Amino acid sequence: MLKDYKKIDILVNCAGVNMPNKVITKDGFELHWAVNYFAPYLLTNLLVKPLKKAKQACIVNLVTNLAFVEKIDFNKIESKQDFVTNEPYTESKLSLSMNSIELAEQLRSDGVSINYLHPGNIKSSLLRHLKGIEKMMANIMIRMASPTEVGADRVVRLAISSAFAGITGAYLAENTIKPPHKEALIESKRKHIEQITRKALAKWL
Numbered sequence: 000m001l002k003d004y005k006k007i008d009i010l011v012n013c014a015g016v017n018m019p020n021k022v023i024t025k026d027g028f029e030l031h032w033a034v035n036y037f038a039p040y041l042l043t044n045l046l047v048k049p050l051k052k053a054k055q056a057c058i059v060n061l062v063t064n065l066a067f068v069e070k071i072d073f074n075k076i077e078s079k080q081d082f083v084t085n086e087p088y089t090e091s092k093l094s095l096s097m098n099s100i101e102l103a104e105q106l107r108s109d110g111v112s113i114n115y116l117h118p119g120n121i122k123s124s125l126l127r128h129l130k131g132i133e134k135m136m137a138n139i140m141i142r143m144a145s146p147t148e149v150g151a152d153r154v155v156r157l158a159i160s161s162a163f164a165g166i167t168g169a170y171l172a173e174n175t176i177k178p179p180h181k182e183a184l185i186e187s188k189r190k191h192i193e194q195i196t197r198k199a200l201a202k203w204l
């Protein structure tokens, strides 16, 4: 991408995974953390230069409904043993929201906005790996979910609508700006997750 694009106007980090069991990647990361947090963090940081070259670049990070996330257990981020279903998914998404606020402050003077969005209950294949009672509940949720196009429209609106011009570091649920998660407001915790992340990704940064 750095070879093909001298500037980037919009970056949307929308990859996500939700697994019923622990999976370790070939690089040694727990899969939820690798896909939901480390990957968008690394991609965004590697593309900062072309983003800065755009007049008003915008980054959109997709997260989950943060109202149901309690806090991050920092001791479990690099743990190969501890695993509680859904915890690594929600905690990795909360970490992405915390980094969105941190990066928004860093890039504010460069004209790059970064906001994070929970698109709502949208039809997707995110929950396809779940099993048992969780699979049954997921199927019920999917039947009540909005079409994929609705979620896509919310992402595009946040990225290009003049209604969000000049807004950065904000959390949106569907189309509405909501208060940030209480953990994301604690600067020391944002700095701590930043340190852990940069240490984990040092050889790629």
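Quick note on numbering: the sequence shown equals residues 0 to 204 in numbering that gives the first Met the number 0.
No residue lacks a Cβ here, since even glycine has one placed at the ideal position from N, Cα and C.
In this text, all values refer to a predicted model and were calculated from it rather than measured experimentally.
Nearest-angstrom Cβ-Cβ length linking residue i and residue j, presumed shorter than 8 Å
i, j, result
"H31", "V16", "6 Å"
"C13", "L61", "5 Å"
"N120", "M135", "With 8 Å as the limit, N120 and M135 do not qualify as a contact, their Cβ atoms being about 16 Å apart."
"I23", "A158", "Their Cβ separation, rounded to whole angstroms, is 33 Å, which puts I23 and A158 out of contact at 8 Å."
Closest Cα partner of residue i within the set the options
i, options, result
"K148", "K122, G131, A158 and V59", "Before going on, a small fix: residue 148 reads as Glu here, not Lys. Checked all of K122, G131, A158 and V59; the closest Cα to E148 is K122."
"L65", "N85, I132, L42 and N20", "N85"
"N74", "E29, E133 and S145", "E29"
"T196", "L41, K130 and Y88", "L41"
"A53", "L1, G110 and T63", "G110"
"L200", "D152, L106 and T43", "T43"
"G165", "S108, A151, T63 and D3", "S108"
"G168", "S145, L106 and P146", "L106"
"Q55", "F163, I185 and H180", "F163"
"M0", "K25, K21 and K48", "K48"
"H180", "K70, S145 and S160", "K70"
"T63", "K21, G150, I185 and S160", "G150"
Cβ-Cβ distance between residue i and residue j below 7 Å
i, j, result
"I7", "L46", "yes"
"S99", "C57", "no"
"K188", "E182", "yes"
"E101", "E193", "yes"
"K130", "P19", "yes"
"V154", "V68", "no"
Counted within 10 angstroms of its Cβ, other Cβ atoms place residue i as buried (16 or more) or exposed
i, result
"M97", "buried"
"P178", "exposed"
"I132", "exposed"
"Y4", "exposed"
"P87", "buried"
Residue i: CB within 6 Å of a non-hydrogen atom of the ligand NAD
i, result
"L41", "Among the components modelled here there is no ligand, and therefore nothing to report on the ligand NAD."
Does the stretch 111-121 come close enough to the stretch 172-189 that 3 or more CB-CB pairs lie under 8 Å?
-> yes
Is the stretch 85-93 touching the stretch 24-38 in the sense that three or more CB pairs, one from each, lie closer than 8 Å?
-> yes
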